[in-house]
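Residue numbers (the UniProt record's numbering): 1 to 274.
In this text, a Cβ means the ideal position worked out from N, Cα and C, and glycines have one as well.
Nothing here was measured: the structure is a model prediction, and the numbers come from that model.
Worksheet: the structure to be examined is printed underneath.
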């Protein structure tokens with residue numbers, strides 16, 4: 001979630017803050033015929049995506065290894081490709097809002113009503129089962145949901161653990177509890193046997209003198225991390241697998257880029273008329 005937040009939200013805010021400062025220069029150069037709308041848009045988006053991707057990578061790369069995500073090259077490629085898509089979407093959203101707003105404060109007012117539902121109904125902050133039925137459509141409309149879905153399925157769908165499994169934790173706790181209190185347990189067993197046999201003739205009425213001497217032992221575990229995608233409504237994998245998720249993300253990317261281009265063209269058209 002932190003990696004997605006940095007890739008998307010930081011890029012949006014960075015692009016949005018640059019818009020008011022560069023607006024006068026862009027209008028003047030466009031009116032002087034220095035470049036066309038298409039050339040300016042492609043150059044601006046490319047520069048923003050490269051710079052923002054490097055910033056996101058600087059945060060995500062240490063985070064990836066510190067958290068202990070999978071070192072497999074294929075999984076790493078999927079992880080960073082998802083963050084790249086989130087970065088480009090953020091650049092397109094920031095460019096769109098920057099073109100239709102007069103300053104940063106107005107742009108932020110436009111942005112939050114759109115972005116907040118994307119995060120809230122992504123299935124991470126509010127689990128899918130806790131989302132009211134009349135808000136379920138927001139879950140399926142959230143591009144954050146698809147980005148987080150890719151990351152969770154990629155990391156947890158085939159990972160197995162030998163430590164920290166739920167049944168192992170309970171069994172290990174019970175075993176260690178017996179070892180830590182074996183003296184008291186031995187005494188209790190002696191008393192129970194003595195009470196049960198005190199009316200019997202010798203030698204059956206003697207205390208058992210039970211002695212527990214349990215060695216230190218680590219109970220092995222074997223569990224899958226698939227429980228997390230299952231809880232998050234991501235398993236079984238829908239949309240044809242991770243490829244389907246990426247196609248949906250590319251669809252969102254196309255929509256946001258087209259919207260950003262149209263907003264940029266409308267902004268420059270207004271400037272030329274004025």
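- Assignment of residue 161 by DSSP, reduced to helix, strand and coil, places it in the strand class.
- If you look at residue 259, you'll find it in the alpha helix (DSSP H) that goes 242 to 273.
- For residue 23, the uninterrupted alpha helix (DSSP H) segment begins and ends at 11 to 31.
- The residue among 245, 45, 217, 231 with its C-alpha nearest the C-alpha of residue 151 is 245.
- Following the DSSP letters along the chain, one finds residue 228 inside the alpha helix (DSSP H) bounded by residues 227 to 231.
- Boundaries for residue 103: no alpha helix (DSSP H) harbours it, and the DSSP string shows neither H nor E there.
- Put simply, the backbone Cα of residue 222 is about 19 angstroms away from that of residue 153.
- Between residue 129 and residue 70, the C-beta gap is not smaller than 9 angstroms, which leaves the two residues out of contact.
- In chain order, 87, 88, 91 place their CB closer than 7 angstroms to the CB of residue 49, counting only its own chain and leaving out the 5 sequence neighbours on each side.
- In the three-state reduction of the DSSP assignment, residue 218 falls in the coil class.
- Contact check for residue 95 against residue 260 passes: the beta carbons are separated by less than 9 angstroms.
- For the pair of segments examined, the region 131 to 145 was found to touch the region 102 to 120: the number of CB pairs separated by less than 8 angstroms reaches three.
- In the same chain as residue 82, and ignoring 5 residues on each side of it, the C-beta atoms closer than 7 angstroms to its own belong to 147, 150, 151, in chain order.
- In the DSSP assignment, residue 96 is bridged to no other residue.
- Beta-carbon to beta-carbon, residue 263 and residue 37 are separated by about 11 angstroms, too far to satisfy the 8 angstroms threshold.
- In the DSSP assignment, residue 8 falls outside any alpha helix (DSSP H), carrying neither H nor E.
- In this structure, the alpha-carbon of residue 31 lies about 23 angstroms from that of residue 17.
- Of 256, 219, 137, 173, the smallest CA-CA separation from residue 161 is found for 219.
- Boundaries of the alpha helix (DSSP H) harbouring residue 139: 136 to 141, taken from the DSSP string.
- Around the Cβ of residue 67, a 10 Å sphere holds fewer than 16 other Cβ atoms; the residue is exposed.
- The beta carbon of residue 131 is closer than 7 angstroms to those of 121, 139 in its chain, skipping five residues each way along the sequence.
- Taking residue 172 as reference, the option from 137, 133, 158, 217 with the minimal CA-CA separation is 217.
- For the 9 angstroms CB-CB criterion, residue 7 and residue 56 form a contact.
- In this structure residue 252 is buried. Its beta-carbon is surrounded by 16 or more other beta-carbon atoms within 10 angstroms.
- Around the C-beta of residue 60, 16 or more other C-beta atoms lie within 10 Å, and the residue is accordingly described as buried.
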